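Chemist: In the order they appear, the protein sequences are chains H and Z. If you read the first sequence in this note's numbering, its first letter stands for residue -19, the second for the next number, and so on. If you read the second sequence in this note's numbering, its first letter stands for residue 71, the second for the next number, and so on. For every residue, glycine included, the Cβ atom is placed at its ideal position computed from N, Cα and C. All of these numbers come straight from a predicted model, not from anything done at the bench.
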Amino acid sequence: NAGVTQTPKFRVLKTGQSMTLLCAQDMNHEYMYWYRQDPGMGLRLIHYSVGEGTTAKGEVPDGYNVSRLKKQNFLLGLESAAPSQTSVYFCASGEGTEQFFGPGTRLTVL
Amino acid sequence: GENVEQHPSTLSVQEGDSAVIKCTYSDSASNYFPWYKQELGKGPQLIIDIRSNVGEKKDQRIAVTLNKTAKHFSLHITETQPEDSAVYFCAAVYLYNFNKFYFGSGTKLNVKP
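(1) In the region 19 to 79 of chain H, which residue ranges form an unbroken beta strand (DSSP E) of at least 3 residues, counting only runs that do not cross its ends?
(2) In whole angstroms, what separates the C-alpha of S47 of chain H from that of G(-17) of chain H?
(3) Which one or two residues does DSSP pair with T139 of chain Z in a beta bridge?
(4) Residues of chain H with CB closer than 7 angstroms to the CB of F116 of chain Z, please, in chain order.
(5) Under three-state DSSP, which class holds P114 of chain Z?
(6) With 8 angstroms set as the bound, which would you pick, yes or no: does the beta-carbon of L2 of chain H sit closer than that to a beta-carbon of chain Z?
(7) Out of Z:Y172, Z:T94 and Z:F171, which one is the CA nearest neighbour of A140 of chain Z?
(8) Indicate whether V68 of chain H and T88 of chain H have their beta-carbon atoms separated by less than 8 angstroms.
(9) For the 8 angstroms Cβ check, are there 3 or more pairs between the region 141 to 159 of chain Z and the region 85 to 93 of chain Z?
(10) Against chain H, with Cβ distances strictly below 8 angstroms, would D154 of chain Z count as a contact?
(11) Any Cβ of chain H within less than 8 angstroms of the Cβ of L145 of chain Z?
(12) Quick one, which of H:N8, H:Q65 and H:L23 has its alpha-carbon nearest E75 of chain H's?
(13) Quick check: is the beta carbon of L23 of chain H nearer than 8 angstroms to any beta carbon in chain Z?
(14) Per DSSP, P104 of chain Z forms a beta bridge with which residues?
(15) By DSSP, does E72 of chain Z sit in helix, in strand, or in coil?
(16) Where DSSP assigns a beta bridge to A177 of chain Z, which residues make up the other side?
(17) So which residues of chain Z does E39 of chain H contact, with C-beta pairs closer than 9 angstroms?
(18) Verify the CB distance criterion: does P63 of chain H have a CB-CB separation below 8 angstroms to chain Z?
(19) Interface residues of chain H around D119 of chain Z at Cβ under 7 angstroms?
(20) What did DSSP end up calling E85 of chain Z once you bin it into helix, strand or coil?
(21) Just to make sure I have the definition right: I need the residues of chain Z whose C-beta is within less than 7 angstroms of the C-beta of G82 of chain H. Which are they?
(22) Verify the CB distance criterion: does G74 of chain H have a CB-CB separation below 8 angstroms to chain Z?
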């Protein structure tokens, strides 16, 4: 079992560029989440999904979109990247109380 | 929404000493309180958790206590070892609300050999 995987691991964007972060899980979990981690602020929920074809907003959804076309995948999109979106992004999946996190994607927006 | 505060932001202890990290939460509906450990370059991993109907839980060298009335909970690590060095996050969760986690800001624990 690979658990939760994220691609890419690192990315540098210029302001205004777009990109998609991919999260995949092989644990057949219904729930999936996208967080961003910034120094001194912990992890903040961007968007989440409670099943295939569903998405919902978290604490900090502005500037991001998500899609869950397949149960095992959860995509996070940035349509027009801004320097404020420089962060480390974590995906998690769960079913029950525990959330299982991926290794993260470090994104820098110049 | 829920607001979780975590203290201290950094903690340095000598190997073998105890470490305590404290969190407070604001929403009395929260009923599940996990603690996650994040090692450098990795995603957070669950180390211990407690539900609101329990006051204390222990697992070898780590323990968590919960005071529902005061809305605070704490992580206790005894006999610290260098491999305990990491960032620790607390979270408050209202189960039955899609298990949305509200995390504290994290505590960087450094255990000096």
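Modeler: Here's the rundown:
(1) Runs found: 22 to 29, 45 to 47, 53 to 58 and 67 to 74.
(2) Taking the first sequence and counting its residues from 1, the one referred to as residue 47 of chain H is at position 67. Taking the first sequence and counting its residues from 1, the one referred to as residue -17 of chain H is at position 3. The C-alpha of S47 of chain H lies about 20 angstroms from the C-alpha of G(-17) of chain H.
(3) Here residue 139 of chain Z is taken as the residue at index 69 of the second sequence, counted from 1. According to DSSP, T139 of chain Z bridges with nothing at all.
(4) The residue labelled residue 116 of chain Z in the question sits at position 46 within the second sequence. Going by the sequence as given, residue 116 of chain Z is Leu instead of Phe. Result: E78.
(5) In the second sequence, counting from the first residue as 1, residue 114 of chain Z sits at position 44. The DSSP-derived three-state label of P114 of chain Z is coil.
(6) One-based indexing of the first sequence puts residue 2 of chain H at position 22. No, because no Cβ of chain Z sits closer than 8 angstroms to the Cβ of L2 of chain H.
(7) On the second sequence, residue 140 of chain Z is found 70 positions in, with the first residue counted as 1. Ranking Z:Y172, Z:T94 and Z:F171 by Cα distance to A140 of chain Z puts Z:T94 first.
(8) Counting from 1 along the first sequence, the entry for residue 68 of chain H is found at position 88. Counting from 1 along the first sequence, the entry for residue 88 of chain H is found at position 108. For V68 of chain H and T88 of chain H, no; Cβs fall outside 8 angstroms.
(9) Enough Cβ pairs lie closer than 8 angstroms, so yes.
(10) Translated into positions along the second sequence, residue 154 of chain Z becomes position 84. By this cut-off, D154 of chain Z is not an interface position.
(11) The residue given as residue 145 of chain Z occupies position 75 in the second sequence. Not a single CB atom of chain H sits nearer than 8 angstroms to the CB of L145 of chain Z.
(12) The sequence position of residue 75 of chain H within the first sequence is 95, counting from 1. For the residues H:N8, H:Q65 and H:L23, the minimum Cα distance to E75 of chain H belongs to H:N8.
(13) The sequence position of residue 23 of chain H within the first sequence is 43, counting from 1. Output row for L23 of chain H: interface = yes.
(14) For the purposes of this step, residue 104 of chain Z is taken as residue 34 along the second sequence, with counting starting at 1. Z:D119, per the DSSP bridge assignment.
(15) Locating residue 72 of chain Z in the second sequence gives position 2, counting from the first residue. In this structure, DSSP gives E72 of chain Z a state outside helix and strand, which the three-state scheme calls coil.
(16) Taking the second sequence and counting its residues from 1, the one referred to as residue 177 of chain Z is at position 107. The sequence shown places Thr at residue 177 of chain Z, rather than the Ala named in the question. Its beta-bridge partners are Z:Y158.
(17) In the first sequence, residue 39 of chain H corresponds to position 59, counting from 1. Chain order gives the chain Z residues near E39 of chain H as G71, K170 and Y172, where near means a beta carbon separation below 9 angstroms.
(18) Here the question's residue 63 of chain H lines up with position 83 in the first sequence. Answer no: the Cβ-Cβ gap between P63 of chain H and chain Z never drops below 8 angstroms.
(19) Locating residue 119 of chain Z in the second sequence gives position 49, counting from the first residue. Simply T77.
(20) Numbered from its first residue, the second sequence carries residue 85 of chain Z at position 15. If DSSP states are grouped into helix, strand and coil, E85 of chain Z belongs with coil.
(21) Here the question's residue 82 of chain H lines up with position 102 in the first sequence. Chain order gives the chain Z residues near G82 of chain H as G113, where near means a beta carbon separation below 7 angstroms.
(22) Counting from 1 along the first sequence, the entry for residue 74 of chain H is found at position 94. Among the residues facing chain Z, G74 of chain H is included, as its CB has a counterpart in that chain under 8 angstroms away.
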